[in-house]
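> Count along the sequence shown from 1, add 1, and you get the number used in our numbering. C-beta: ideal position from N, C-alpha, C; glycine also. All values derive from a computational prediction rather than experimental measurement.
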Amino acid sequence: MTHYSITLSYLKSLHDTPLLDLIYQAASIHRDNHNSNEMQLCTLLSIKTGGCPEDCSYCPQAARYNTGLEREKLLDLNVVIQKARQAKENGSSRFCMGAAFREVKDNNDFEEILKMVSEVKELGMEACCTLGMLTDIQAKRLKEAGLTAYNHNLDTSEEHYDSIIKTRKYQDRLNTIQHVVDAGISVCCGGIIGLGESTTDRLKLIETLANLNPQPESVPINTLVPVAGTPLENQGKVDTFDWIRIIAIARIALPKAKIRLSAGRLGIPKEAQAMAFMAGANSIFSGEKLLTTNNPSDDLDKELLNSLQFKTSKVMEPSLT
Ligand code: SAM
Ligand code: DTB
Ligand code: SF4
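Now the structure itself:
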């Protein structure tokens, strides 16, 4: 397995490269490692919404902020599987189930989630979860249930982390990621830009992600969706070219990973999204909702992908899973 050694000064030199040269470099690396006309579609479902005890300053689901979100208990297994079927019909090959948990507890909800993972897998889809912190044993149980990937973001640099989240440490995130790796589950790990971080913070996040061993299989790049009631509700918008620059740098630093355009795609013009695809993004969340906020409609995304003549990654057949 390749162990990458990516330095901050190298990432800074990429950041200083004129944008179109940087995109050209990223596009070349992208073509060496991926089919440049293939896009992975993933669908998200919030299986347990709101009431989270954490204090993540960006998150509408943190119980301590007044965001008007209705708290819900864990969705029924049947509802989840019906949504997964629909997602498969709409061309998604990965189904990602998110819960507003600080950490997984060994209770009935976890037993239900294990069933959801197995049944999604039986549909021939990749099953992904994001459930907060995990112990080594919980990670192994998810693996036994058939989990393909676990999403656990580092969000920003270690230095900036404390000003965004105080109820846990960067090291807690790294520990969960290690449990996921040890269990043999693919790691999906990325971050958010637009949290008031500096360029160096953005590059340090990419440095940390690129030096994980193994590198994450997928890297979601979120831009902040400002939600009224959260401490970051008035945070300014990220410049679209800065967004593309970060995608290109992530592609160069993590050549084999799927780079996923995640939160914040609504409102980004189609031409800018196409530039991000040129710079190496090869996965998107499809469907009108992310977890609790809006995302472009299926129709709009189909139109975009068709006009760029993308093929979507195949949904696996059950016999091949
Ligand atoms: N509670 C679990 C956790 O924190 O790992 C899983 C769900 S959490 C909502 C998943 C990710 O969504 C976060 O790590 C963060 O990167 C992203 N996220 C949450 N709210 C966001 C927002 N308003 N804008 C952009 N990304 C957001
Ligand atoms: C990720 O990095 N982004 C997704 C997924 N992983 C779980 C979540 C985005 C959530 C945006 C805010 C919301 O819809 O609640
Ligand atoms: Fe909870 Fe996850 Fe939201 Fe943080 S990001 S408040 S851990 S749901």
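Below 7 Å CB to CB, which residues in the same chain sit around Leu15 once its five sequence neighbours on both sides are set aside?
Around Leu15: Leu23, Ile250, Ile253.
> Along the chain, where does the alpha helix (DSSP H) that runs through Thr209 open and close?
First-last of the alpha helix (DSSP H) with Thr209: 200–211.
> Using a threshold of 7 Å, is the CB atom of Glu39 nearer than that to any non-hydrogen atom of ligand 3?
Incorrect: Glu39 has no Cβ contact closer than 7 Å to ligand 3.
> Hey, quick one: how far does the alpha helix (DSSP H) through Lys122 stretch, first residue to last?
That run of the alpha helix (DSSP H) goes 109–123.
> Have a look at Gln26 and Thr18 and give me their C-alpha separation to the nearest angstrom.
If I take the Cα positions, the gap works out to 10 Å.
> Could you compute how far the alpha carbon of Glu145 sits from the alpha carbon of Leu135?
Glu145 and Leu135: Cα-Cα distance of roughly 15 Å.
> Among Asn34, Glu104, Ala128, which one has its Cα closest to the Cα of Asn115?
Per the sequence shown, residue 115 should be read as Leu rather than Asn. Looking at the Cα atoms, Ala128 is the closest of the given residues.
> Kindly indicate which residue of Lys312, Glu208, Tyr59, Thr177 has the alpha-carbon position closest to the one of Leu9.
Ranking Lys312, Glu208, Tyr59, Thr177 by Cα distance to Leu9 puts Glu208 first.
> Excluding the five sequence neighbours on either side, which residues of its own chain have a C-beta within less than 6 Å of the C-beta of Val105, listed in chain order?
Closer than 6 Å at Cβ, skipping near neighbours: Phe111, Leu132, Leu135, Gln139.
> How many Å lie between Glu198 and His161 at the Cα?
About 7 Å.
> Quick check: is any heavy atom of ligand 3 less than 7 Å from the C-beta of Ala63?
At least one heavy atom of ligand 3 is nearer than 7 Å to the Cβ of Ala63, so yes.
> Exposed or buried, what is Thr3 when buried is set at 16 or more other beta-carbons lying within 10 Å of its beta-carbon?
The residue in question, Thr3, is exposed, as its Cβ has fewer than 16 Cβ neighbours within 10 Å.
> Contact between the segment 47–62 and the segment 290–308 is defined here as three or more beta-carbon pairs at a separation below 8 Å; is this criterion met?
Contact between the segment 47–62 and the segment 290–308 is present, because at least three Cβ pairs lie under 8 Å.
> What residues are listed by DSSP as bridge partners for Gln41?
Gln41 is bridged to Ser284.
> Using 8 Å as the Cβ pair cut-off and three pairs as the minimum, do the segment 255–268 and the segment 220–229 touch?
Yes, the segment 255–268 is in contact with the segment 220–229.
> Which partner residues of Gly51 appear in the DSSP bridge assignment?
DSSP lists no partner for Gly51.
> Any heavy atom of ligand 3 within a distance shorter than 7 Å of the CB on Val53?
Before going further, note that residue 53 is Cys rather than Val in the sequence given. Answer for Cys53: yes, Cβ within range of ligand 3.
> Hey, how far is the Cα of Arg86 from the Cα of Lys13?
Computed Cα separation, rounded: 44 Å.
> Which term fits Pro61, buried or exposed, when burial requires 16 or more other beta carbons within 10 angstroms of its beta carbon?
Flag for Pro61 reads buried.
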